[in-house]
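Here the structure is laid out as structure tokens; the discussion comes afterwards.
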Amino acid sequence: MKTLVYVEHDNASLKDATLAVVTAASQLGEVHLLVAGQGCGAVAEQASKIAGVAKVHVADDAAYANQLAENVATLVVDLMGHHDAFLAPATAHGKNIAPRVAALLDVMQISDILSVESADTFTRPIYAGNAIATVQSADAKKVITVRGTAFAKAEATGGSAAIEAIGSKGDAGTSSFVGAEIAKLERPELTSAKVIVSGGRALKDAETFQQVIFPLADKLGAAVGASRAAVDAGYVPNDYQVGQTGKIVAPEVYVAIGISGAIQHLAGMKDSKTIIAINKDEDAPIFQVADLGLVGDLFKIVPELVGKL
Amino acid sequence: MKILVPVKRVIDYNVKPRVKADGTGVDLANVKMSMNPFDEIAVEEAIRLREKGVATEIIAISVGPEKAQETLRTALAMGADRAILIVAEDVEPLGVAKLLAKVVEEEQPGLVILGKQAIDDDSNQTGQMLAALTGRPQGTFASKVEVAGDTVNVTREVDGGLETVALKTPAIITTDLRLNEPRYASLPNIMKAKSKPLATKTPADYGVDVAPRLKTLTVTEPPVRSAGIKVADVDALVAKLKEMGVAQ
Numbered sequence: 000m001k002t003l004v005y006v007e008h009d010n011a012s013l014k015d016a017t018l019a020v021v022t023a024a025s026q027l028g029e030v031h032l033l034v035a036g037q038g039c040g041a042v043a044e045q046a047s048k049i050a051g052v053a054k055v056h057v058a059d060d061a062a063y064a065n066q067l068a069e070n071v072a073t074l075v076v077d078l079m080g081h082h083d084a085f086l087a088p089a090t091a092h093g094k095n096i097a098p099r100v101a102a103l104l105d106v107m108q109i110s111d112i113l114s115v116e117s118a119d120t121f122t123r124p125i126y127a128g129n130a131i132a133t134v135q136s137a138d139a140k141k142v143i144t145v146r147g148t149a150f151a152k153a154e155a156t157g158g159s160a161a162i163e164a165i166g167s168k169g170d171a172g173t174s175s176f177v178g179a180e181i182a183k184l185e186r187p188e189l190t191s192a193k194v195i196v197s198g199g200r201a202l203k204d205a206e207t208f209q210q211v212i213f214p215l216a217d218k219l220g221a222a223v224g225a226s227r228a229a230v231d232a233g234y235v236p237n238d239y240q241v242g243q244t245g246k247i248v249a250p251e252v253y254v255a256i257g258i259s260g261a262i263q264h265l266a267g268m269k270d271s272k273t274i275i276a277i278n279k280d281e282d283a284p285i286f287q288v289a290d291l292g293l294v295g296d297l298f299k300i301v302p303e304l305v306g307k308l
Numbered sequence: 003m004k005i006l007v008p009v010k011r012v013i014d015y016n017v018k019p020r021v022k023a024d025g026t027g028v029d030l031a032n033v034k035m036s037m038n039p040f041d042e043i044a045v046e047e048a049i050r051l052r053e054k055g056v057a058t059e060i061i062a063i064s065v066g067p068e069k070a071q072e073t074l075r076t077a078l079a080m081g082a083d084r085a086i087l088i089v090a091e092d093v094e095p096l097g098v099a100k101l102l103a104k105v106v107e108e109e110q111p112g113l114v115i116l117g118k119q120a121i122d123d124d125s126n127q128t129g130q131m132l133a134a135l136t137g138r139p140q141g142t143f144a145s146k147v148e149v150a151g152d153t154v155n156v157t158r159e160v161d162g163g164l165e166t167v168a169l170k171t172p173a174i175i176t177t178d179l180r181l182n183e184p185r186y187a188s189l190p191n192i193m194k195a196k197s198k199p200l201a202t203k204t205p206a207d208y209g210v211d212v213a214p215r216l217k218t219l220t221v222t223e224p225p226v227r228s229a230g231i232k233v234a235d236v237d238a239l240v241a242k243l244k245e246m247g248v249a250q
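Protein sequence lines, in the order shown, are assigned to chains L and U.
In terms of this note's numbering, the first sequence is residues 0 to 308.
In terms of this note's numbering, the second sequence is residues 3 to 250.
Put into structure tokens, the structure is as follows:
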């Protein structure tokens with residue numbers, strides 16, 4: 000079985016999410032990568048060094064500069080003539096493109112897989128992670144998105160795959176890129192961080208959130224996350240959101256501060272190795288999943304914690 | 003322009019789903035059902051576009067059991083003009099997208115606004131698939147929608163922040179949480195919604211085969227985390243953090 004993995008990148012460097020997808024793809028068969036972009040030679044170079052990759056297809060064209068789904072999907076469909084499965088990370092990017100590819104191939108996509116049971120059988124979470132379904136696909140070609148935190152990352156070095164340029168399928172002409180506002184992060188990226196310090200509605204406002212959460216995150220070298228309530232209240236931008244509708248994370252340590260633990264939030268972090276909760280309500284649902292809990296006023300506890308670390 | 007808004011009847015988002023003991027699925031008997039939250043946002047956005055004079059007619063559509071009528075009535079009470087129910091159970095996103103594509107062909111809406119995902123199957127596919135099948139551009143995970151002439155600018159929530167794309171209409175949009183806050187239907191509007199037109203169809207009317215491509219072998223509970231401990235004070239927490247190697 001030949002698999003084609005979509006490489007997520009920003010035309011300069013390859014995103015970590017791709018490495019976990021390579022691991023999932025290698026459980027199905029020979030791994031090929033697709034790098035679509037503009038001026039993305041450096042990304043193709045990096046992709047070719049990933050351990051276990053047999054070939055890297057590179058489509059370098061203005062039509063792929065911002066990897067618009069309309070243009071990328073037709074490119075992928077073309078390549079699927081000689082691949083049996085298409086895998087993409089279950090990121091905003093992968094989720095945008097993969098279903099478009101699936102429909103063009105007339106196959107049902109399998110979203111956000113947690114494991115590969117066999118060539119046609121996979122597990123995936125449903126109902127905000129409250130149930131795990133094992134599904135078997137009857138389609139000849141498989142189109143799959145992969146939950147990054149469920150698979151080990153492939154080694155980024157050690158491989159020496161051949162790089163092959165492929166022609167552009169042109170611009171569909173129905174969409175164009177206007178601009179992006181990317182939040183500047185001085186801390187580790189949320190989905191790849193080893194430690195995450197996350198705050199909820201109890202933080203009161205944006206300023207308090209910064210004053211309480213950020214010093215602790217800095218002490219622990221951690222990424223900062225937030226519950227939906229904190230994001231909706233405007234304490235932090237929405238790309239900090241952890242949960243069913245935000246990011247799914249599985250760090251070594253997740254510190255939930257002033258977060259009650261609604262199922263929507265738990266869906267995004269309950270696979271963390273160790274969960275630590277600080278909350279003044281000892282009946283908060285977060286304590287049912289926390290390995291370590293401390294009941295008390297976060298405005299006293301967190302500064303004291305920062306002082307003692 | 004016409005706007006088509008697909009809505010789905012799902013388990014209420016406040017209910018904690020229970021897996022059936024025989025592993026065949028989630029127990030939905032006697033469970034509160036509601037409109038998928040992302041679809042409420044889609045209906046709201048369509049109504050706001052009509053209030054701005056962009057939309058002329060809003061059609062709500064659902065693929066689901068007979069009871070999905072209630073969901074459509076909710077959409078009508080919020081402000082949709084008419085509704086279509088395609089009666090069919092357990093249709094996968096690909097099947098739903100194929101049915102919607104037929105309706106798009108028939109109705110020729112300028113925009114189709116869907117929720118980004120349903121909170122039951124968590125697939126996040128139908129909008130993208132519909133865009134593919136109709137050859138229309140897609141603006142997924144929208145947090146802002148601005149229609150100007152025959153272009154719609156969609157600001158999308160992506161992993162690092164936001165990005166804006168310009169789509170030529172007709173186009174397909176899927177809503178993210180922050181696009182808007184849906185209104186509540188008032189009692190007079192709920193009453194009025196009862197007399198708005200609701201057409202009932204079947205997949206056969208559209209000649210679409212909705213046989214599932216994925217077979218669910220089992221549905222199980224996720225692994226349960228072992229119970230943790232509560233520490234008494236910050237010193238004990240610091241000691242534990244040091245033990246774990248998180249702090250020096």
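Just so it is clear, CB atoms sit at the ideal spot from N, CA and C, and this is done for glycine as well.
As the structure is a computational prediction, the values presented were derived from the model and not from experiment.
Helix, strand or coil at residue i according to DSSP, with G and I counted as helix
i	result
Y253/L	strand
T173/L	coil
G51/L	coil
N237/L	helix
G40/L	helix
V56/U	coil
T273/L	strand
G220/L	coil
E281/L	coil
R227/L	helix
A315/L	A query on residue 315/L cannot be resolved here, the shown segment of chain L reaching from 0 to 308 and no further.
V4/L	strand
L30/U	coil
Sub-8 angstroms separation of residue i and residue j beta-carbons
i	j	result
T218/U	A90/U	no
E251/L	V194/L	yes
A44/U	I61/U	no
V21/U	A192/L	no
I174/U	A133/U	yes
V223/L	V254/L	no
D161/U	I125/L	no
P111/U	E69/L	no
K1/L	D83/L	yes
V241/L	A225/L	yes
G129/U	L169/U	no
K246/L	L189/L	yes
I316/L	V75/L	Outside the shown range of chain L (0 to 308) lies residue 316/L, about which nothing can therefore be said.
V55/L	I165/L	no
G199/L	A229/L	yes
Rounded Cβ spacing between residue i and residue j (contact assumed at less than 8 angstroms)
i	j	result
L87/U	L200/U	6 angstroms
V6/L	V30/L	With a Cβ gap of about 11 angstroms, V6/L and V30/L do not count as contacting.
L135/U	K100/U	6 angstroms
D296/L	T273/L	Contact doesn't hold; Cβ gap of about 23 angstroms is too wide.
V71/L	I112/L	Actually they do not touch by this definition, with Cβ atoms about 21 angstroms apart.
M37/U	P95/U	Contact flag wrong, Cβ pair sits at about 17 angstroms.
V33/U	V17/U	6 angstroms
Q45/L	L13/L	5 angstroms
T176/U	F143/U	6 angstroms
First through last residue of the alpha helix (DSSP H) which encompasses residue i
i	result
M268/L	262–268
V240/U	236–245
R146/L	Premise fails: R146/L is in no alpha helix (DSSP H) and is neither H nor E.
R75/U	70–80
A23/L	16–25
V98/U	95–109
K307/L	297–307
Residue interval of the beta strand (DSSP E) (run including residue i)
i	result
L219/U	216–222
T37/U	The question names Thr, yet the displayed sequence has Met at residue 37/U. Per DSSP, M37/U belongs to the beta strand (DSSP E) from 35–37.
T128/U	That residue, T128/U, is in no beta strand (DSSP E); its alpha helix (DSSP H) goes 128–136.
K118/U	No beta strand (DSSP E) holds K118/U; DSSP gives it neither H nor E.
R186/L	Where R186/L is concerned, there is no enclosing beta strand (DSSP E), given that its DSSP letter is neither H nor E.
K140/L	First-last for K140/L: undefined, no H or E at that position.
L291/L	291–294
E314/U	Absent from the model: residue 314/U. The displayed extent of chain U is 3 to 250, so no value can be given.
I13/U	11–13
S191/L	Premise fails: S191/L is in no beta strand (DSSP E) and is neither H nor E.
Any non-hydrogen atom of the ligand SAM within 7 angstroms of residue i CB
i	result
Y186/U	In the structure shown, the ligand SAM is absent, as is every other ligand, since no ligand is present at all.
Residues within the region 87–102 of chain U neighbouring chain B, beta-carbon criterion of under 8 angstroms: No chain B appears in this structure, whose protein chains are L and U.
In chain order, which alpha helix (DSSP H) runs of at least 4 residues are fully inside the region 144–204 of chain U? The qualifying runs are 189–195.
Can you check the region 105–131 of chain L for any alpha helix (DSSP H) of at least 4 residues that lies completely inside it and give the ranges in chain order? Complete alpha helix (DSSP H) runs here, min 4: none at all.
At which residue ranges does the region 50–100 of chain L contain complete beta strand (DSSP E) runs of 3 or more residues, listed in the order of the chain? For the region 50–100 of chain L, whole beta strand (DSSP E) runs of length 3 or above, ordered along the chain, are 52–59, 84–88.
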